[in-house]
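> Sequential numbering of the sequence shown, starting at 0, is according to numbering that gives the first Met the number 0.
For glycine and all other residues, C-beta sits at the position ideal for the given N, C-alpha and C.
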Amino acid sequence: MRKMIKPEKIIEQQVKAWAAQNKITIYVFDAKMIKTSTGMQKNTGIQAGTPDLLGYDQDGRFIAIELKAPGKRNNTTLDQYLFLVRAIESGCFACVCDDVQELEIMYHQFKVRRINLLEMLPLRVTVEGKTIPAPKVHY
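The structure is reproduced here in structure tokens:
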């Protein structure tokens, strides 16, 4: 029996291929909770909210990409959202990606300064299993 590939992993593979074509270096960060031998939950050492992909482009720009399954952009957690906001405010390319074609457009518009990435973030975030409006960001 073949194991099904999760939709987010398909997006990850597509984004990694896109990054390689565009000479962008990216690293995958899987933040997961694990159970210890005593049954306690422990994170794997990555700060909550850290995006799935971190890296840099040929011009030295920092890149942070939070991956989501298609149509699941609003499943972005508050910690993830705030990380992306801080990165964008620092001049980095940061986004939530559920479609590699949209990523391509956003990245190229970012490079020529024709896009406000804060406007491209999800309008809703997930907090403790509930979807709420994303915090207002002043831009």
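Report, in whole angstroms, the separation of the C-beta atoms of residue 62 and residue 91, which I expect to be a contact under 8 Å.
Residue 62 to residue 91, Cβ: 7 Å. Contact.
> What residues in its chain sit with their C-beta under 6 Å from that of residue 50, if we drop five residues either side in the sequence?
63, 64, 65, listed in sequence order.
> Does the segment 100-113 come within contact of the segment 73-83, defined as at least 3 CB pairs closer than 8 Å?
No: fewer than three Cβ pairs fall under 8 Å.
> Tell me, which residues are paired with residue 129 by DSSP?
Per DSSP, 126.
> Any idea if residue 23 is buried or exposed, counting beta-carbon neighbours within 10 angstroms, 16 or more meaning buried?
Buried, by the Cβ-count rule.
> In whole angstroms, give me the CA-to-CA distance for residue 112 and residue 118.
Taking the straight line from one Cα to the other gives about 13 Å.
> I'd like to know whether the C-beta atoms of residue 133 and residue 80 end up nearer to each other than 7 Å.
Closer than 7 Å, so yes.
> On a Cα-Cα basis, can you pick out the residue from 98, 124, 68, 67 that is closest to residue 78?
The shortest Cα separation from residue 78 among 98, 124, 68, 67 belongs to 124.
> In this structure, what does DSSP give as the bridge partners for residue 96?
The partner list for residue 96 (beta bridge, DSSP) reads 66.
> For residue 93, collect the residues of the same chain with a Cβ closer than 6 Å to its Cβ; drop the 5 residues on either side in sequence, then sort them by chain order.
Correct list, in chain order: 63, 83, 86, 87.
> Along the beta strand (DSSP E) that carries residue 53, what are the first and last residues, could you check?
Here the beta strand (DSSP E) through residue 53 covers 52-55.
> Using three-state DSSP, classify residue 27 as helix, strand or coil.
Note: residue 27 maps to strand in three-state DSSP.
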